[in-house]
Each structure stands twice: as structure tokens, then as C-alpha cells.
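Residue numbers (our numbering): 1 to 169.
Cβ coordinates follow ideal geometry from the N, Cα and C atoms, glycine included.
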Amino acid sequence: MSENSSLTGQTLAGIGAVLVGAVMAYGATFIPSDAGYAGVGPNALPWLVSVVLMVCGAWLVWEARTGGYRELDAPSGAERGDWPAVAWVIAGIVANASLITTIGFILSCGLCFALAVRGLRIAEGKAAGGVRRSAIDLVTGVAISAPVFWMFTKLLAINLPGLTASGWL
1 MSENSSLTGQ
11 TLAGIGAVLV
21 GAVMAYGATF
31 IPSDAGYAGV
41 GPNALPWLVS
51 VVLMVCGAWL
61 VWEARTGGYR
71 ELDAPSGAER
81 GDWPAVAWVI
91 AGIVANASLI
101 TTIGFILSCG
111 LCFALAVRGL
121 RIAEGKAAGG
131 VRRSAIDLVT
141 GVAISAPVFW
151 MFTKLLAINL
161 PGLTASGWL
């Protein structure tokens with residue numbers, strides 16, 4: 001890769017970070033700002049993350065435009081991205097986002113975990129696994145997400161989409 005195309009790619013990465021931060025900031029405007037515990041409202045963290053992301057993106061653009069990322073190691077790994085593996089990870093994220101209000105937090109996060117692990121396994125050059133491996137991954141994802149769901153809903157009183165009205169699933 002030539003140095004000029006590397007600088008262009010680095011600049012685009014910074015611009016992309018700024019744009020993602022801007023979209024997050026726009027989304028944060030729709031979150032109510034009513035102060036909660038300790039005077040911090042539910043929109044505080046989205047605003048903080050979006051501002052930090054935009055600052056980091058601007059810094060990346062500055063780095064790229066003033067000579068490129070400093071002390072950048074040579075890239076390792078494959079020459080090209082493993083798109084089937086990326087597709088599995090993206091499928092997990094999209095499934096989680098689209099199903100969380102239908103099947104609840106625990107099952108949608110478990111499904112996201114199973115699909116993402118399948119993609120990461122493929123990226124490592126390992127076998128994706130059959131039905132048994134997929135079932136184990138799903139159960140593992142549910143085992144990880146269930147305590148998180150209960151901690152948020154029962155201990156912190158934060159509403160997350162559940163499967164039942166009981167608040168336990």
C-alpha cells in the first residue's frame with residue numbers, strides 16, 4: 001500500500017469516527033434529560049461517549065493529516081478481510097437489535113453471542129461448528145446475559161425488554 005493511500009485511509013477512519021460520534025449525539029437529543037440519581041440523567045452517558053468519540057476522531061484526522069499515525073506497526077494477519085466471518089458478527093448484532101423487543105434481552109443477547117462467536121471462530125480458521133456447537137454457544141450467551149439482565153432490572157431498576165411480564169426472563 002502506498003503512503004498516500006495509507007494517509008487517505010487514516011483520514012477516512014478519523015472522519016468516520018467523527019461521523020459516528022455526530023450520529024450518536026443526534027440520537028442523544030431524543031433521550032430525556034430528566035435528572036436521576038445524583039443529578040445525572042439518562043442522556044449523560046450517550047452525550048459523553050459521542051463527544052469523546054468526536055474528539056478522538058478529530059485527533060485521528062489531525063494525526064493522519066500531519067504525517068500519519070505515529071509508531072504504527074506493520075499490519076499483521078491476512079492480506080484481506082474475512083468477509084464471511086464479518087457477516088456472522090454483523091448478523092449477530094442486527095439480530096440482537098431487531099429481536100430484543102420481541103424475544104427479550106436475554107435471548108437476543110444469547111443469539112448475538114452465538115452468531116458472533118461463530119464468526120470469530122471462522123476468522124481464526126477453525127470449523128464453525130455444527131448444531132451441537134451452536135447450541136452450546138447459545139446456552140453460553142444466555143448464561144452470560146441472564147445475570148446482566150437481572151442485575152440491571154432487579155438491582156439497578158433499569159428497564160430492559162423482557163420475554164415475560166414477571167421481569168425474570
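How would you label residue 28, buried or exposed, when you count the other beta carbons within 10 angstroms and need 16 or more for buried? Buried: at least 16 other Cβ atoms inside 10 Å.
Considering residue 46, what are the terminal residues of the alpha helix (DSSP H) in which it resides? From DSSP, the alpha helix (DSSP H) with residue 46 extends over 44–65.
For a test of the three-state rule: what should DSSP assign to residue 154, helix, strand or coil? Residue 154: helix per DSSP, three-state reduction.
So the candidates are 135, 65, 126 and 155; which of them puts its Cα closest to the Cα of residue 112? Shortest Cα-Cα distance from residue 112 to any of 135, 65, 126 and 155 involves 135.
Mapping the DSSP letters down to three states, classify residue 74 as helix, strand or coil. Residue 74: coil per DSSP, three-state reduction.
If the criterion is Cβ atoms closer than 8 angstroms, does the pair residue 24 and residue 60 meet it? No, they are not a contact pair.
In terms of alpha-carbon separation, which member of 98, 19 and 70 lies closest to residue 161? Looking at the Cα atoms, 98 is the closest of the given residues.
If you drop the 5 nearest sequence neighbours on each side, which residues of the same chain put their C-beta closer than 8 angstroms to that of residue 115? Scanning its chain for C-beta atoms nearer than 8 angstroms, with the 5 sequence neighbours on each side dropped, one finds around residue 115 the residues 88, 89, 91, 92 and 95, in chain order.
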